[in-house]
Amino acid sequence: MKKRNVLLLAILLLVGIIYYPNIKERLQLLGGETATKENTISSMTQLEERVLKTLEQGKEELNVYLDGIGVEELETINANLDGYYGYVNSYYIAKWPKNGLYQTRLNIELSDNYYAYQYLRGNEVKEMPDRALQLAEKVEAVLKEIITPDMNDFEKEKAIHDYVIKQGEYGFLTGSKKEDSYNAKGILLEGKGVCSSYSESMQLLLSLAGVESKIILGKADVEHSWNLVKLDGNWYHVDATWDDPVPDEEGRVLYNYFNVPDQLIGKTHTWNSKLYEKADSYEENYYEKKGDLCSSYSHTKERIIDGIKKKEKKLQLLLTGENAQEYSYNFVLQYDSVKSVKWKNIGESPCLVLEMTLEYQS
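Counting in our numbering, the sequence shown tops out at residue 366, every number present.
Structural data, given as structure tokens:
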């Protein structure tokens with residue numbers, strides 16, 4: 005199955021346990037709380053925000069009154085949550101006949117990401133699941149291996165991006181660990197996972213390395229997840245899943261979707277822009293930082309010739325000129341050092357990624 009054809013586990017995890025308690029149970033449901041402005045929710049957006057806050061606080065229960073939110077809506081509570089820290093696994097609901105509000109308790113299941121993050125931040129964790137401890141120990145070892153004190157945030161992000169791609173292979177685990185295909189444990193502990201495993205692995209490593217980031221939910225033909233990263237005040241998209249070649253090629257890393265703006269990634273991905281920060285800069289783009297973002301044919305030709313003169317072994321260029329896909333690269337044939345030339349279109353945009361392998365005689 006292609007990477008684009010995977011539904012996020014968070015979306016599949018629809019809550020399904022509903023109870024309609026009797027009067028006595030109603031009185032106990034919220035511990036005697038009465039409806040107030042603070043605990044009354046009137047939209048799914050409000051409820052999602054409260055659930056997210058509850059997850060971040062490590063609480064396993066949320067008690068609220070629902071006003072105008074029906075059971076059908078409530079059952080989709082996980083659809084707009086990324087599942088990184090956990091999800092709603094069940095709820096209890098009872099209607100109060102006097103005011104028409106629904107008194108509701110949502111039960112939360114915290115993820116191993118939450119426990120691993122809190123553990124590595126030195127925060128108190130009541131009961132550390134065995135699998136979460138394994139994840140925490142792996143993450144700690146990885147960060148010690150790839151992150152150094154002198155790195156800036158861009159360098160940290162690149163090191164993490166490259167590690168996740170080299171460590172992981174896109175695919176599904178089987179047996180008792182098949183669910184880990186959808187979370188950080190898949191890539192980090194088992195070396196295999198799908199898009200949510202890539203994005204959770206990135207998020208866990210980035211956050212513990214001190215780089216501000218978040219998971220973004222959207223579509224790339226079907227449901228998909230990737231990351232937003234904040235560098236020097238600007239937000240950028242980074243999609244480690246789509247930067248991992250399929251079929252897997254050991255050691256090969258792509259940068260087609262490393263710190264790109266809305267305009268570029270929007271050619272292949274869609275998302276609800278109202279829910280996420282705007283990304284409109286190329287400043288921290290991988291190719292821009294290396295001087296390999298070429299906006300014209302003359303610039304492209306100049307960069308290739310310069311790379312050959314400097315005896316670079318590999319060239320990866322992002323071509324953003326309006327006619328990039330119509331450029332002629334026949335001139336490279338005069339150079340014996342050019343062993344292979346590959347290019348990849350980015351959606352329906354005129355942008356193109358050009359990759360060249362070069363070898364030189366001693």
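Think of the CB as a built atom: it goes at the ideal place given N, C-alpha and C, for glycine as much as any other residue.
- Scanning the segment 230 to 291 for uninterrupted alpha helix (DSSP H) segments of 4 residues or longer gives 266 to 269, listed from N- to C-terminal end.
- Nearest to S205 by C-alpha distance, out of P249, G87, I45 and E316, is G87.
- In this chain, the alpha helix (DSSP H) harbouring R135 covers D134 to I150.
- Ranked by Cα distance from L258, the first of K346, P133, Y364 and Y95 is K346.
- Taking F335 as reference, the option from T304, T274 and V198 with the minimal CA-CA separation is T304.
- By alpha-carbon distance to G175, the top candidate from V264, Q107, Y186 and C355 is Y186.
- For E52, the enclosing alpha helix (DSSP H) begins and ends at M48 to E60.
- In this structure, the CA atom of I150 is about 47 Å from the CA atom of V75.
- The bridge partners DSSP lists for V129 come to none.
- In the three-state reduction of the DSSP assignment, I97 falls in the strand class, which pools E and B.
- Separation of Y290 and N263 (C-alpha to C-alpha, rounded to the nearest whole angstrom) is 7 Å.
- Rounded to the nearest whole angstrom, the CA to CA distance from S344 to Q267 is 30 Å.
- The criterion of a C-beta distance shorter than 8 Å is not satisfied by T152 and C199.
- Within the segment 141 to 208, the alpha helix (DSSP H) runs of at least 4 residues that lie entirely inside it are, in chain order, 157 to 171.
- Counting along the chain, Q320 sits inside the beta strand (DSSP E) bounded by residues K318 to L323.
- Residue state for I220 is assigned as strand, using DSSP reduced to three classes.
- E131 and E65 have their C-alpha atoms roughly 16 Å apart.
- Rounded to the nearest angstrom, the gap between the Cα atoms of E52 and N84 is 7 Å.
- Note on geometry: alpha-carbon atoms of E161 and S211 lie some 10 Å from one another.
- For K348, there is no enclosing alpha helix (DSSP H); the residue is part of the beta strand (DSSP E) that begins and ends at V342 to N349.
- Looking at the DSSP output, Q107 bridges to Y69 and A98.
- Excluding five sequence positions before and after I112, the CB atoms of its chain that fall closer than 8 Å to its own CB belong to V55, T58, L59, K63, E64, E65, L66, G90, Y91, V92 and N93, given in chain order.
- In the DSSP assignment, V75 falls outside any beta strand (DSSP E) and lies within the alpha helix (DSSP H) extending over V75 to L78.
- Closest option to K313, judged by alpha-carbon separation, among K293, Y280 and Y364: Y364.
- In the structure shown, G311 falls within a helical segment according to DSSP collapsed to helix, strand and coil.
- Distance from the Cα of T274 is smallest, within the candidate group D248, E227 and E253, for E227.
- Burial of T108 is indicated by the presence of at least 16 other C-beta atoms within 10 angstroms of its C-beta.
- Per the coordinates, the alpha-carbon of V215 lies some 38 Å from the alpha-carbon of Y331.
- Within the same chain, W246, D247, L322, K348, I350 and V357 come within 8 Å of N260 by CB-CB distance, once the 5 residues on both sides are set aside.
- Look at T304 here: in three-state DSSP terms it is helix.
- Here Q61 is exposed. Its C-beta has fewer than 16 other C-beta atoms within 10 Å.
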